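Novice: The numbers in the sequence shown follow UniProt numbering, run straight up by one, and end at 192.
Handing you a structure now.
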Amino acid sequence: MASMLSSRDVSGFKFLFFIAIMYAIISLLVHSVLHMKFIKPLSIDAPLDRFSEARAIHHVAVLTKDGRQEGRPGLRKAAVYIKEQLEMLKERAESNIRVEVEETTINGSFSMIFLGHSMSFAYRDHINIVARISSADVKETDPSVLINGHFDSPLGSPGAGDCGSCVASMLELARVTVESGWIPPRPLIFAF
1 MASMLSSRDV SGFKFLFFIA IMYAIISLLV HSVLHMKFIK PLSIDAPLDR FSEARAIHHV
61 AVLTKDGRQE GRPGLRKAAV YIKEQLEMLK ERAESNIRVE VEETTINGSF SMIFLGHSMS
121 FAYRDHINIV ARISSADVKE TDPSVLINGH FDSPLGSPGA GDCGSCVASM LELARVTVES
181 GWIPPRPLIF AF
């Protein structure tokens with residue numbers, strides 16, 4: 001005679017099964033936190049041919065000091081800082097790698113709808129900076145890789161996330177490219 005499981009027995013089994021699954025998931029999480037190796041961020045004195053989180057964070061700290069909203073002095077200070085960093089790379093580059101830095105000033109305006117309202121914005125004497133890192137024998141017609149980020153920030157924000165961290169990462173990536181001696185197979189264009 002076969003015994004039938006009552007609905008109460010089935011509910012108890014489901015509960016025990018749920019507890020066992022939760023125990024397994026929590027055990028895996030604890031194991032991964034305690035025993036798995038994660039990439040350790042490199043300090044400011046890390047080898048020059050390695051990307052250093054601390055050096056990138058230093059760039060963020062400098063860029064967010066004065067605010068970089070359009071029309072504010074901090075935006076011009078940020079442009080000067082970025083260009084200085086790129087010019088230093090140009091000076092340190094070996095003869096087999098070419099670093100070109102160019103600055104342009106533009107004026108313009110744009111309109112947008114925000115929360116159902118039409119808004120227009122104008123800017124004057126906005127600075128854009130472009131750096132091109134390539135092999136010394138590159139042709140002007142060779143395809144390039146574009147890496148871009150903006151260094152102005154939104155109103156009321158120091159702009160660490162929008163987009164100071166992007167610019168800091170770009171500066172550190174450009175530095176690593178030049179300092180490591182690696183010659184990119186295609187020109188890298190950094191647009192700030």
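Quick reminder that beta carbons are idealized off the backbone N, C-alpha and C, glycines included.
Treat the numbers as computed from the prediction; the structure is a model and nothing was measured.
#1: I'd like the list of long-range same chain contacts for residue 113, defined as Cβ closer than 8 Å, with 5 residues on each side in sequence excluded.
#2: Using only the alpha-carbon positions, how far apart do residue 1 and residue 22 sit?
#3: Mind checking residue 145: buried by the 16 CB within 10 Å criterion, or exposed?
#4: How long is the line joining the alpha carbons of residue 48 and residue 121, rounded to whole angstroms?
#5: Have a look at residue 190 and residue 84 and give me their C-alpha separation to the nearest angstrom.
#6: Look at the Cβ atom of residue 178, then the Cβ atom of residue 99, and state whether they are nearer than 9 Å.
Specialist: Inspection of the coordinates gives the following:
#1: Non-local beta-carbon contacts of residue 113 in its own chain, meaning distances under 8 Å to residues more than five positions away in sequence, involve 119 in chain order.
#2: Residue confidence is low: residue 1 scores 47 on pLDDT, short of 50, so the model does not pin down where it sits. No coordinate-derived value is stated.
#3: Burial check for residue 145: the Cβ neighbour count within 10 Å stays below 16, so the residue is exposed.
#4: Answer to the nearest angstrom: the Cα atoms are 41 Å apart.
#5: The C-alpha of residue 84 is placed about 14 Å away from the C-alpha of residue 190.
#6: Yes, Cβ-Cβ distance for residue 178 and residue 99 is below 9 Å.
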